[in-house]
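Colleague:
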Amino acid sequence: MKDKQKQRSLEDIPEALRDIPISPSSPSSFNPQWIMVGLAGVIMVMLAIFGIMRLVSSPSATNTASVEPSPSPPPTPEPETVENILGHLPYEEADPSQLKAITNDGRIKLRTKAANNFLQMQRDARASGIILTPISGFRTVKEQEYLFFEIKRQRNQDTRKRAEVSAPPNYSEHHTGYAIDIGDGRVPATNLSEKFEQTPAFRWLENNAAKYSFELSFPPNNPQGISYEPWHWRYVGDADSLKTFYEAQQLENRSSFEENTVN
Ligand SMILES: [Zn+2]
127 MKDKQKQRSL EDIPEALRDI PISPSSPSSF NPQWIMVGLA GVIMVMLAIF
177 GIMRLVSSPS ATNTASVEPS PSPPPTPEPE TVENILGHLP YEEADPSQLK
227 AITNDGRIKL RTKAANNFLQ MQRDARASGI ILTPISGFRT VKEQEYLFFE
277 IKRQRNQDTR KRAEVSAPPN YSEHHTGYAI DIGDGRVPAT NLSEKFEQTP
327 AFRWLENNAA KYSFELSFPP NNPQGISYEP WHWRYVGDAD SLKTFYEAQQ
377 LENRSSFEEN TVN
């Protein structure tokens with residue numbers, strides 16, 4: 127019955143109008159269902175915008191780590207031993223042609239300027255009754271390799287302990303030809319020992335070495351964390367030597383080197 131009625135009602139429409147599609151402006155567009163659908167759409171869009179804004183403005187737990195740097199210091203992954211070894215700074219080996227012997231047998235050498243200043247200093251000290259004995263000057267990387275690893279083995283030292291008293295190869299100031307270990311000729315028992323600081327030679331050096339452009343490399347509590355070495359002096363009397371020692375330190379400071387103390 128209903129179908130028949132529908133058909134009939136369709137037949138009631140004049141044939142010319144039957145195929146005209148119902149336009150959106152036709153009264154049927156005010157159907158409340160459409161309004162509901164529209165409202166739902168608007169609400170969904172607003173919810174989506176709100177969600178995006180929340181994500182951007184208040185960082186969630188996952189994006190805090192990647193976007194905002196945390197106020198706490200970053201973790202230092204290096205193990206203690208590596209840090210300690212790196213307390214020593216890397217140095218290039220001097221060219222043999224730049225070296226001059228400071229002993230009669232020619233075994234101990236320094237860069238020419240450092241050598242001349244040391245010889246002058248030695249003469250002046252002797253005039254005051256002080257005997258400055260050179261123990262060690264320029265050293266090749268190969269020689270340092272022996273000193274570090276072979277003595278470490280003989281003394282059964284672990285790497286950290288060894289690095290407190292000896293630079294690893296490539297990390298010794300002695301490679302530069304500007305560094306010298308000095309002993310007191312009258313008290314040789316204090317050679318390469320902290321007791322050297324009680325000798326007249328050390329006291330004389332403390333008061334006079336700067337005049338010859340020598341300075342103590344590793345004073346007590348030095349920022350490199352290397353054991354106090356009252357016998358180890360370095361020449362800093364020209365641009366090249368200054369650059370060698372102070373640029374190395376700056377580079378090291380820049381690359382996140384932190385003061386590192388030996389306890
Ligand atoms: Zn030394």
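Each residue of the sequence shown is one higher than the one before, counting from 127 in our numbering. Idealized CB from N, CA, C, for every residue including glycine.
Going by C-alpha distance, which of Lys239, Gly309, Glu290 is nearest Asn347?
Modeller: Glu290
Colleague: Quick check: Ala365 and Gly303, are their CB atoms within less than 8 Å of each other?
Modeller: No. Outside cutoff.
Colleague: Could you tell me which uninterrupted beta strand (DSSP E) segments, each at least 3 residues in length, are contained entirely in the segment 202-288, listed from first to last along the chain?
Modeller: 225-227, 235-237, 258-262
Colleague: Straight-line CA distance for Pro195 to Gln350?
Modeller: Note on Pro195: pLDDT 43, under 50, position unreliable in the model; the coordinate value appears next. Cα to Cα, the separation comes out at about 29 Å.
Colleague: Spatial neighbours of Pro326 within its chain, please: C-beta separation below 6 Å, excluding the five flanking residues on both sides.
Modeller: Ile256
Colleague: Taking the alpha-carbon of Val267 as reference, which of Lys337, His300, Arg279, Arg252 has the nearest alpha-carbon?
Modeller: His300
Colleague: Excluding the 5 residues preceding and the 5 following Pro295 in the sequence, name in chain order all residues of the same chain whose CB lies nearer than 7 Å to its CB.
Modeller: Excluding sequence neighbours, Pro295 sits near Val267, Gln270, Glu271, Phe274.
Colleague: Could you check whether Pro345 and Ile308 sit closer than 8 Å to each other, using their CB atoms as the reference points?
Modeller: no
Colleague: Here's a check: name, in chain order, each residue in its chain whose Cβ is nearer than 8 Å to the Cβ of Phe238, leaving out the five neighbours to either side.
Modeller: This sequence places Thr at residue 238; Phe is not what is there. Closer than 8 Å at the Cβ level, and outside the excluded window around Thr238, lie Gln224, Leu225, Lys226.
Colleague: Cβ of Glu341 versus every heavy atom of ligand 1: is any distance shorter than 7 Å?
Modeller: no
Colleague: If Tyr361 sits next to Ser339, beta carbons under 8 Å apart, how far is it from one beta carbon to the other, in whole angstroms?
Modeller: 6 Å
Colleague: Would the beta-carbon of Glu355 be found less than 7 Å away from any heavy atom of ligand 1?
Modeller: It does: the Cβ of Glu355 is within 7 Å (strictly closer) of some heavy atom of ligand 1.
Colleague: Measuring only the C-alpha atoms, how far is Asn333 from Gln246?
Modeller: 15 Å
Colleague: Would the beta-carbon of His358 fall within 8 Å of that of Ala305?
Modeller: Yes, these two residues count as a Cβ contact at 8 Å.
Colleague: Along the alpha helix (DSSP H) that carries Trp330, what are the first and last residues, could you check?
Modeller: 326-334
Colleague: What three-state label does DSSP hand Pro366 in the structure shown?
Modeller: Reading off the sequence shown, one finds Asp at residue 366, where the question assumed Pro. The answer is helix: DSSP assigns Asp366 an H, G or I state.
Colleague: Ser262 and Trp330: beta carbons closer than 8 Å?
Modeller: no
Colleague: Within the same chain, show all residues whose beta-carbon is closer than 7 Å to that of Arg265, passing over the 5 residues directly before and after it, in chain order.
Modeller: Ser298, His300, His301
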